[in-house]
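Peer 1: Just dropping this structure here.
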Amino acid sequence: MRVLTTLLPNQFTVPMVVSGFAEVGDLVSGMVVHGLVFKVGVFDESVAIGCSFVYMYSKCGCVENARQVFDEMCVRDVVAWTALVIGYVHNGESEEGLRCVCEMYRKDERPNFRTLEGGFQACGDLEAVYAGRCLHGAAAKSGLGCSILVQSSILSMYSKCGTLEEAYLSFCEVPVKDIKSWTSIIGVYGKWGCIGKCFGGFMDMLVSGIIPDPMVVSCVISGLANSTCISAGKTFHGFMVRRNYDGDQMVHNALVSMYCKFGLVSYGEKVFNSMCVLDKDSWNAMLHGYSKVRDGVKCINLFVKMLNLGLDPDPLQFGISYLFMFRSGKYEFREMSPWLHGELKTARKLFCRTNKDIITWNTMISAYTRNGHYVEAFSLFNKLILEGTRPTPATLISMLSACAHMPSVEKGEQIHRYIEENQQEMLLSNVTVSTALVDMYAKCGQLEKSEKIFKKMTQKDIVSWNVMISGYGMHGDARSAIDTFREMELSHVKPNELSFLALLSACNHAGLVNEGKSLFGRMVDYYSFKPSLKHYTCIVDLLGRSGFLAEAENLVLSMPIGIVPDGGLWGALLSACKTHNNPEMGIKIAKRAIECDPKNDGYYVIISNLYDSIGMWEEAERMRNFMKERGVEKAVGWSAV
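Position 360 of the sequence shown, counting from 1, maps to 359 under numbering that gives the first Met the number 0, and the rest follow consecutively.
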């Protein structure tokens, strides 16, 4: 964004522009304006400016940024509070939204209709009926309870909370009953299996002239499914077909679910197969049906069909299918785990609803650790211990991995103490757990403890040796890494490619050129391993850092045809040329890099800078023009503040 005039943004222009960005979801442009507002110092000129940014960040899904802006505002009015409450609720953080409403009342800030709407929606989402009643009373006391918007929100809240009597009374108080009101009351009756009242409400709605939409039809079908009235369900299905109410995907999904709950899976299959478009609810409903009749073969086949179609199953689908896969022994967890880890909140809800065994605990803990949610993983582990469930090696390995990645030696020591006090035999018999301890202490900076555990291990596999070698290299002790490697060879454990990668990395950090070259040769000549790109990058970086530029260049040129140099390899060589003040070789190498990756703007910039450094201004300009001719654009760095 450029400032084309000397006019500065003000309290009128900023909210209009920012609101526009919010409506189209343009977060980046909104952030640029945010930075500009701070630069010119107009943020505190008007509360409307702060409110617009709270609204923009909330609308774009960045509710944490919205809260930060809100906290920075000197003056907060009801618009700011409302934007924050609605932002939390619409972004799935209803608990925070409700907390904001309570905080607002404590600070004597009077809510408006929209604030109450957000508050009631939060109560409904959380099924917090007590908080909803308190808010209902406050709304009535303030006089805002007479608003149609607020009355509809109250009805929706009581319906979600499942309080039938209060939902009905709220429904009666709504003066103008629209489709949303009818859906709420029919939905709550259907949810609790009151099929007579559910049908009665549906017929009353038709008599009143309201045309049912797919949502309200689905509510009736769900009510029939919950009541297990098979004949009524079939009758209503026929009624829908005659009235042409069965053309929507939501309705089809509800029908599949209803027939599957009845145990009539063949009927559900017919509806499922007749659908032109299938969404996650469709697959979920069918998987539920197969699980209900314990048809594990069809359940697994349907799940695999999803994967073959390129669909990402959600945690609920995974949970159903994983159960049968585990029982059948057909698949292992690690093959399916990538699909589980996308929606942790949904996975946690599924976890809370299941009967937990150690496999369930391990699945959820692993999902947290693999996604970097280490605090949640520790919280779950502590809960597991308090409930008296005995952790398995898989549990402890996940927790030690979390400690290593945080890194937190204190928590790692807690896990270590637990093992020593409760499962001492595991340290002696389970090489994987012992290796995880070695890795954890090394990554947490406790190399001596890592070394001590490693030496106590009575059994060591290739992973154990590699972890210890990497630990030494990580701490700059390349000599010990090499000694450990030699000890491994004497123990008749054959190294693998990762062993040599750890060794070369250690030599690189320590600058041990001769040792690195010797190990690289041993890998190729003695063990007949084919070096990967990572191996070449390590040895080239080692040679380049040590001033052996020609040797490093020759090694790159002699690489097999199947290995294509990447930015890391060329970058190592170019960095060495710069360090050792050899611009001529740097220019030559950068030209080769451009041949391999002509769209990489960095190589053109490096050549131009190298030409500049030796006074070849015309060549530098020619290279910049060449870059433009090829349509390569230089990535521009920018700051919002």
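Note that beta-carbon positions come from the ideal geometry of N, C-alpha and C, so glycine has one too. No experiment lies behind these values; they were computed from the predicted model shown.
#1: Alpha carbon to alpha carbon, how far is R623 from S612?
#2: Using a Cβ-Cβ cutoff of less than 8 Å, which residues in the same chain neighbour N608 once the five nearest sequence positions on both sides are dropped?
#3: To which residues of the same chain is V270 closer than 8 Å at the C-beta, ignoring the five residues directly before and after it?
#4: Please report how far the alpha carbon of N429 lies from the alpha carbon of K451, in whole angstroms.
#5: With a cut-off of 8 Å, do at least 3 Cβ pairs link the region 172 to 185 to the region 123 to 143?
#6: Are L568 and L541 closer than 9 Å when you measure CB to CB?
#7: Please give the ranges of any alpha helix (DSSP H) in the region 18 to 68, keeping only runs that are unbroken, at least 4 residues long and fully inside the region.
#8: Give the secondary structure of T12 by DSSP, where H, G and I count as helix, E and B as strand, and everything else as coil.
#9: State yes or no: is the C-beta of M439 within less than 9 Å of the C-beta of S449?
#10: Quick check on Q458: does DSSP put it in helix, strand or coil?
#11: Which one of H415, H236, P211 and M214 has the shortest CA to CA distance from L223?
#12: Hey, would you say F112 sits closer than 9 Å to S146, going by beta carbons?
#13: Check whether the region 369 to 379 and the region 392 to 406 touch, using three or more Cβ-Cβ pairs below 8 Å as the test.
#14: Can you tell me whether F11 is buried or exposed, with buried defined as 16 or more other CB within 10 angstroms of its CB?
#15: Between F499, S433, I209 and V512, which lies nearest to D524 when the distance is taken from Cα to Cα?
#16: At 4 residues or longer, and completely inside the region 250 to 311: list those alpha helix (DSSP H) runs for me, N to C.
#17: Distance check for Q120 and M626, CA to CA, integer angstroms please.
#18: Using CA atoms only, rank isn't needed, just tell me which of S183, K454 and F261 is closest to E164.
#19: Around the C-beta of D600, are 16 or more other C-beta atoms found within 10 angstroms, so that it is buried, or is it exposed?
#20: With distances taken between CB atoms, is the gap from V41 to V16 smaller than 9 Å?
#21: Mind checking if Q248 is an interface residue toward chain C, Cβ cutoff 9 Å exclusive?
#22: Please name the residue, chosen from G387, R389, T359 and Q413, that lies closest to F377 on a Cα-to-Cα basis.
#23: Could you compute how far the alpha carbon of Y54 sits from the alpha carbon of Y87?
#24: Just how far apart, CA to CA, sit C218 and G60?
#25: Among W616, A435, A551 and M239, which one has its Cα closest to the Cα of I588?
#26: Between E447 and the ligand MG, is there a pair consisting of the residue's CB and a ligand heavy atom that are separated by less than 8 Å?
#27: How many angstroms separate the CA atom of L511 from the CA atom of G475?
#28: Could you give the DSSP three-state label for A82: helix, strand or coil?
#29: Taking the alpha helix (DSSP H) that A138 belongs to, which residues open and close that run?
#30: I think G444 touches V466, with their Cβ atoms under 8 Å apart; what is that distance to the nearest whole Å?
#31: Whose CA, out of I210, I562, M156 and L263, lies closest to the CA of N243?
#32: Once DSSP output is grouped into helix, strand and coil, what is the label at K529?
#33: Measuring only the C-alpha atoms, how far is G566 from L573?
#34: With distance defined between alpha-carbon atoms, name the residue in S463, L205 and E424 nearest to T391.
#35: Do you know how far the Cα of M156 is from the Cα of S122?
#36: Exposed or buried, what is T362 when buried is set at 16 or more other beta-carbons lying within 10 Å of its beta-carbon?
Peer 2: Checking against the coordinates, here is how it stands:
#1: 15 Å
#2: A619
#3: H251, L254, V255 and Y258
#4: 16 Å
#5: no
#6: no
#7: 26 to 39 and 46 to 58
#8: helix
#9: yes
#10: coil
#11: H236
#12: yes
#13: yes
#14: exposed
#15: F499
#16: 264 to 273, 279 to 291 and 295 to 307
#17: 55 Å
#18: S183
#19: exposed
#20: no
#21: The chain labelled as chain C is not found in the depicted structure, where only one protein chain is given.
#22: Q413
#23: 11 Å
#24: 29 Å
#25: A551
#26: Looking for the ligand MG in the displayed structure turns up nothing, as the structure carries no ligands at all.
#27: 11 Å
#28: helix
#29: V128 to S141
#30: About 15 Å; that fails the 8 Å criterion.
#31: I210
#32: coil
#33: 10 Å
#34: E424
#35: Note on identity: in this sequence residue 122 is Cys, with Ser being the wrong assignment. Cα-Cα distance, rounded: 6 Å.
#36: buried
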